[in-house]
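If you count by numbering that gives the first Met the number 0, then the sequence shown holds residues 0 to 124, one letter each, in order.
Note that beta-carbon positions come from the ideal geometry of N, C-alpha and C, so glycine has one too.
Bear in mind that the values here come from a model prediction, so they are computed numbers and not experimental data.
Have a look at the structure below before the remarks.
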Amino acid sequence: MSDDVSSVTSPEEAEKHSLLAGKEHHDQHDWTHSLQAHAAELAHSTQEAASRGPQKSEIQLRYLLQIMLEANCLEIATVISIVLKDALALIRIVNAARTSGDSKVCVMRLFKGLKTLDHWAQNEW
0 MSDDVSSVTS PEEAEKHSLL AGKEHHDQHD WTHSLQAHAA ELAHSTQEAA
50 SRGPQKSEIQ LRYLLQIMLE ANCLEIATVI SIVLKDALAL IRIVNAARTS
100 GDSKVCVMRL FKGLKTLDHW AQNEW
């Protein structure tokens, strides 16, 4: 009986059926690809959140950073901004160092501290 049906089907209908099957396969592939992309994004976000620690700790560090900036403890503020991975805070620290009374000495201390931190990180990790 299936031979009768296939012989009755016109070439246009067969092509249409083939195109629909191909579209379904393409849609399924797109959906699978989209799902994989979302899973990878979720994994990356989870890993980033885990590396940053709990949100309460981040809030406390940001508060401590603000206190250190107000107290002009720029070296400690630099370390905190690096822990927070906050580039804008680091720019604020450098700008504060540049506008201080003895800007050259202050900027050199920050530079020396960053070099020391980099050296430590390279040797310890």
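{"Item": "Range covered by the alpha helix (DSSP H) that runs through Gly112", "Value": "102-123"}
{"Item": "Thr115 classed as buried or exposed, judged by whether at least 16 other C-beta atoms fall within 10 angstroms", "Value": "exposed"}
{"Item": "Residue environment, Ala36, which counts as buried when at least 16 other CB atoms sit within 10 Å", "Value": "exposed"}
{"Item": "Inter-residue spacing [alpha-carbon to alpha-carbon] between Arg108 and Asn94", "Value": "14 Å"}
{"Item": "Collapsed DSSP secondary structure at Thr77 in the structure displayed", "Value": "helix"}
{"Item": "Beta-carbon proximity check, Leu64 vs Leu83, cutoff 8 Å", "Value": "yes"}
{"Item": "Delimiting residues of the alpha helix (DSSP H) encompassing Lys84", "Value": "No alpha helix (DSSP H) holds Lys84; DSSP gives it neither H nor E."}
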